[in-house]
Amino acid sequence: MSKEYYKVLGVEKNASQEEIKKAFRKLAHEHHPDKQSGNEAKFKEINEAYQVLGNEAKRKQYDQFGESAFRGQGFGGTGMNWEDFARAAQGGQGGFHSGGINIDMDDLGDLFGGLGDIFGFSSRGSRRQSRGSDIQTELKIEFNEAIFGAEKEVSLYRATYCRKCSGNGAEPGTPIETCQTCKGSGHVMQNQRTILGNFSVRSTCGDCHGDGKKASKKCTQCHGAGLEKETASLKITIPAGIDNGQMIKLSGQGEAVGNGMAGDLYIKVIVKPDERFERDGDNIYTQSNITFSQAALGDKITVPTVDGEVALKIPSGTRSGQTFKLKGKGATKLHGRGRGDQFVKINLETPQKLSRAQRKLFEELLRYDNEK
Ligand SMILES: [Zn+2]
Ligand SMILES: [Zn+2]
């Protein structure tokens, strides 16, 4: 299991949240792209690590599943980049959203203190960007569906945009007016006293939540919130090769929120066991029984695989416990090419009941063995 994120931040696996935050701030200062000694690639790496380890739920997931918990279907990188940050800063937001993770300006502290002047925003006095909650759910799939992939449906009860007003909170047919508090700008100026003197600081308008517009008559369905609950049925593509316990992330499919982005949906995949097969990574393990005579003389036996039954040639002189490989009969390699292998372990079956004829033959064999 990769523990790279801990290395990136230079902290122990059991580091406290406080230690992680401290390490992040120190490193972010050091590699800040605005600095002469800055290194944007390194800065991104640090951010990515912090976005996961700095969030207890995501950290737990990472500890358990590694980076793969954050990769795969729709699950590209969770890294934010410098452009994202600048954009968020220009938007006058006190925090920002990238790849499904919120960074609170407080986490960055005075690192961006100077930046506020450039972009006309301040971490203090501005509103933290709201974001809908993430939803986590489980999905049970068959053993073979994990090997070859599948299309599945997941049913969710979640907040979504109000269908009556399309989420704008206004009764259909009634006008949306310019917010009187901010005169449509979406933000208000506030005076702030600092040791360097008085500054005028821009913050989000509390009346219209930064929209600059307000409904003249609130939607009767959602009472102006712009949201309602729904039971949604989502089609999920299960990637071939997924394993028990792995996560699929669908960005923006979590809970919707009035003024901000919807949360993400995390689907934990539970693979039902198949009594014939045991899976370890990309390989599949099975067992087959053969008789003494098959072992001694050799034979062709039928073996179950995830592709159906296949014939396996048992050479003469096969020992109990011997393993044969069926190349390419394993699980599809997730995010890779090709498939793993199947390993068939041979068990020599000792007969429990002998017919008269069999007994005679075994007695003859025994006599022969003793004469040797
Ligand atoms: Zn306003
Ligand atoms: Zn509505």
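So in the working numbering the end of the sequence shown lands on 372, straight run, no missing numbers.
No residue lacks a Cβ here, since even glycine has one placed at the ideal position from N, Cα and C.
Could you name the residues of the same chain whose beta carbon sits closer than 6 Å to that of residue i, not counting the 5 residues immediately before and after it, in chain order?
i           : result
residue 340 : 282, 283, 330 and 331
residue 327 : 341
residue 216 : 174, 175 and 177
residue 298 : 314, 315 and 316
residue 77  : The pLDDT assigned to residue 77 is 34, lower than 50, so where the model puts this residue is not dependable; a value taken from the coordinates is nonetheless given after this. Here the set comprises nothing.
residue 50  : 24
residue 42  : 31
With H, G and I counted as helix, E and B as strand and the rest as coil, what does DSSP make of residue i?
i           : result
residue 309 : strand
residue 257 : coil
residue 195 : coil
residue 221 : coil
residue 354 : coil
residue 15  : coil
residue 359 : helix
residue 61  : helix
residue 163 : coil
residue 85  : Reliability fails at residue 85, whose pLDDT of 39 lies under 50, so the model's placement of it is uncertain and the value that follows must be treated cautiously. Correct three-state label for residue 85: helix.
residue 29  : helix
residue 342 : strand
residue 56  : helix
residue 171 : coil
residue 151 : strand
residue 180 : coil
residue 347 : strand
residue 51  : helix
residue 142 : coil
residue 35  : coil
residue 214 : strand
Below 8 Å on the Cβ atoms is my guess for residue i versus residue j; work out the distance and round it to an integer in Å.
i           : j           : result
residue 155 : residue 233 : 5 Å
residue 54  : residue 21  : 6 Å
residue 222 : residue 164 : 7 Å
residue 296 : residue 316 : 6 Å
residue 11  : residue 18  : Contact doesn't hold; Cβ gap of about 11 Å is too wide.
residue 260 : residue 169 : Not quite, the Cβ-Cβ distance comes to about 14 Å (not below 8 Å), so this is no contact.
residue 241 : residue 353 : So it is not a contact: roughly 44 Å between Cβ atoms.
residue 257 : residue 131 : 6 Å
Under 8 Å Cβ to Cβ from residue i, same chain only, skipping five residues before and after it: list those, please.
i           : result
residue 153 : 233, 234, 235 and 236
residue 186 : 92, 179, 204, 205, 208, 210, 211 and 212
residue 111 : Model confidence at residue 111 stands at a pLDDT of 38, short of 50, so the residue's coordinates are unreliable; what they give is reported in the following sentence. So the qualifying residues of the chain are 25, 28, 29 and 32.
residue 294 : 301, 314 and 318
residue 182 : 188, 205, 207, 208 and 212
residue 161 : 167, 226, 227, 228 and 256
residue 198 : 191 and 192
How many angstroms separate the CA atom of residue i from the CA atom of residue j?
i           : j           : result
residue 355 : residue 285 : 33 Å
residue 247 : residue 147 : 15 Å
residue 278 : residue 343 : 10 Å
residue 345 : residue 52  : 41 Å
residue 350 : residue 359 : 13 Å
residue 140 : residue 151 : 12 Å
residue 263 : residue 56  : 17 Å
residue 338 : residue 272 : 23 Å
residue 362 : residue 292 : 10 Å
residue 34  : residue 308 : 60 Å
residue 144 : residue 65  : 21 Å
residue 243 : residue 219 : 45 Å
residue 62  : residue 238 : 20 Å
residue 289 : residue 347 : 5 Å
residue 231 : residue 270 : 22 Å
residue 137 : residue 245 : 12 Å
residue 266 : residue 135 : 6 Å
residue 149 : residue 306 : 13 Å
residue 59  : residue 38  : 27 Å
residue 249 : residue 325 : 35 Å
residue 47  : residue 195 : 31 Å
residue 184 : residue 8   : 44 Å
residue 371 : residue 280 : 47 Å
residue 190 : residue 335 : 51 Å
residue 364 : residue 312 : 30 Å
Which same chain residues end up closer than 7 Å to residue i when comparing Cβ atoms and leaving out the 5 residues on each side of it in sequence?
i           : result
residue 276 : 286 and 304
residue 133 : 254, 255 and 263
residue 142 : 272
residue 224 : 169, 215 and 218
residue 172 : 164 and 165
### Task
Could I get the ranges of all uninterrupted alpha helix (DSSP H) runs contained in the segment 272–337, with 4 residues as the minimum, in chain order?
Here the runs fully enclosed are 292–297.
### Query
Can you list the beta strand (DSSP E) stretches of 3 or more residues lying completely in the segment 224–268, in chain order?
Scanning the segment 224–268 from its first residue to its last, the whole beta strand (DSSP E) runs of 3-plus residues come out as 227–238 and 247–250.
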